[in-house]
Amino acid sequence: MRQLITDALIVTGDGATEPFRGDALIDGDRITHLGAVPPSAATGADRRIAAGGRVLSPGFVDTHNHGALAGTRVGEHGIPISCEMAVRGGVTKRICGVDGLSPAPVVPDQRAEYAAQLVPLDGMAGPPGDPEGDDPAGGLGWPWSTMEEFLAWHRGRSVTDLGMHLGHSAVRRTVMGNLDRVADEADIRAMAEVVRREAPWCLGLSTGLVYNPAVYSDQREITALVRAFNEVKQGALYPHLRSESDDIIEALDEVITAAVEGGGGYCSEHSKIAGRRNWDRFGDVASRLDDAAGSIPTLGNMYPYTAGSTTADTLFPPEVRAGTRAEFMARLSDDDVRRFAFEKIYGDGSGWDNFVAFCGGLEGVQIAGVLEGVGDEFLGKRFSDVVLAAGVTDMSSIEAHDAVCDFFLHNRGEVSIISHYGNEATVERFFRRPNMALCTDGLMPGPGQKPHPRSIGSFPKALRMARELGIDLTEIVHRLAVLPCEFMGLPSPALSEGADASLVLFDWDRVTERNSYEDPLIPPEGIDAVWVHGDLVHHEGQIQSPKAFGGRHLLTPPSESS
Ligand SMILES: [Zn+2]
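So the sequence shown is numbered by this note's numbering: it starts at 116 and just counts up by one.
If you want it as structure tokens, here you go:
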């Protein structure tokens, strides 16, 4: 298959080459000519696309994505849903296993528990009773234990490329389960062993210090695991900070120190500052990141929105969430524990990331996903609406808290939220940083659910913001498509003759997101064509299902010495 793209504004993505007008010829999965295509090579091309001056660039990298499980489910347009959301935004590579929550490694006695924890974020690998047999027990039947086995299962289930981080919480569960305690020396040795075994299949080490069970870890443990990873290969630490709000500086120091002492790089994951009273602390955060950049390789990523999205588990203090899901649910049914959680959420609340506090109360917490058929009427509404529906008007009363607990329990804890914590000025300040890559942080919506608009809108919105803020096209394409690959140690996808034909064609003058929190699934405007390894999978708004789902796994080589 030979495809000719004529009269494009070619932006190679290397961050230096000035955009230039020209043609490109794709043969199979490669670019064979770029700039000038001799007529002899162009004749008889199987497909011709007239770019009319639109930008042709390497496909974008979604550096933080939750689409490795339910994202493999084939949607109504014939490709996996995570891939459909990706290519609508120009993304051809996704990085999963983020926030410490990679689906592997896993041990048999943790499989069901861990799968249940991941449902509000990554969904289930397949619907219950799926005739394909992927997941007949409804999330409980993962056929893998190691990352290598997970990748083998995943092969043929993605159109876009996939790279995996090794998740700290996954590793900790294999050794300590979901225990609420600091690791001892033997635990750390055992976890380091798992990290060394799994690292060859992973790009870096992720952690999520607000999520179970990494929330119970200390800096010593994180440092030891970074060191173990870097014994096998160069890899950065990709943390969700222990606090993105009141304690953000201490939280940054904790992980940057672990990265430096462990011998790895550092990535500021989904960069943000949560809570009105912290918005003026951008300068402190930025100077911490700049200091780190003086001693180790650093990168940042972000989704350009003032709200986040995650599991509603995070609404409750870490003490309540330990052990099995059944124990967590049972605690929330106990009046004394409810009172403890209430006092911690509405009291001083220091020492943990208090989502209700930094969202400015229950009005700031929106419901994005529920157990199908249970909480459906509250999709898109706020937790304050749940409270009002229970006949309670005082939003910081124990009765309001009871209504929240009851809703969570009725939905068996399968609730995802959109947390409205931020302001536009901070988003813009992070966005202007020159080493800021982009992500969707996209969660996988169940049928009829309302995911965060970032899942589709992040990349088109970033392009619009770059245009409006006067950020150079050369710079923004480098940041969206090439910079993260360079940082992770992957081959540069910058356009050249012989390069991989994973490409996006977009209209720089017109590209924009069109969706919203109310209507998150409206596709963007101006992302006009996307190729993955030469397959044109998205063209003028239409998804085209390729014959095979040929997404590749992004792997980095081990260090020479190991
Ligand atoms: Zn996160």
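Just so you know, even glycine gets a beta-carbon here, dropped at the ideal spot from N, CA and C.
Computed from a predicted model, the values in this text were never measured in an experiment.
- Between Ala596 and Val176, the CB-CB gap stays under 8 Å.
- For Asp521, the shortest separation between its Cβ and any heavy atom of ligand 1 does not lie below 7 Å.
- Taking Gly378 as the centre and dropping the five residues before and after it, the same chain places the C-beta of Val341, Arg342 and Asn345 closer than 8 Å to its C-beta, in chain order.
- Excluding its 5 nearest sequence neighbours in each direction, Ala373 has C-beta neighbours in its own chain below 7 Å: Gln334, Ile337, Thr338, Val341 and Leu352, listed in chain order.
- Measuring C-alpha to C-alpha distances from Thr322 to each of Leu477, His525, Leu281 and Ala305 identifies Leu281 as the nearest.
- Residue environment: Val519 is assigned as buried (16 or more neighbouring CB atoms within 10 Å of its CB, all protein chains considered).
- Spanning the alpha carbons of Arg544 and Gly537 requires a straight line of approximately 12 Å.
- A direct Cα-Cα distance of roughly 17 Å separates Leu149 from Asp161.
- Looking at the backbone, the Cα of Asp556 and that of Thr178 are separated by about 8 Å.
- Excluding residues up to 5 positions away in sequence, Asp122, Ala123, Leu124 and Arg136 lie with their Cβ nearer than 8 Å to the Cβ of Gly168 in the same chain.
- Chain-ordered, the residues whose CB falls short of 5 Å from any heavy atom of ligand 1 come out as Asp214 and His355.
- Around the beta-carbon of Asp395, fewer than 16 other beta-carbon atoms lie within 10 Å, marking it exposed.
- A distance below 6 Å between beta-carbons, with the five flanking residues on each side excluded, links Thr187 to the following residues of its chain, in chain order: Pro195 and Arg272.
- In the DSSP annotation of this structure, Thr121 is not part of any alpha helix (DSSP H); the continuous beta strand (DSSP E) holding it starts and ends at Arg117 to Ile125.
- For Glu601, same chain residues with a beta-carbon under 8 Å away, outside a window of 5 residues either side, are Ser607 in chain order.
- Taking the Cα of Val400 as reference, the smallest distance to any Cα among Asp362, Pro419, His654 and Ser410 is reached at Asp362.
- Annotated as distal: Gly204 and Phe498, with beta-carbon spacing of 8 Å or more.
- Counting only runs of at least 4 residues, the segment 561–591 fully encloses the following alpha helix (DSSP H) elements, listed from N- to C-terminal order: 569–584.
- Remark: C-beta atoms of Met603 and Gly128 do not approach each other more closely than 8 Å.
- Secondary structure note for Ile513: its alpha helix (DSSP H) is the uninterrupted segment Ile513 to His525.
- Cβ-Cβ separation between Ser531 and Pro235: approximately 4 Å, consistent with a contact (criterion under 8 Å).
- The C-beta of Lys348 has 16 or more other C-beta atoms within 10 Å across all chains shown, which makes the residue buried.
- If you keep only unbroken beta strand (DSSP E) runs of at least 3 residues inside the segment 389–423, you get 413–417.
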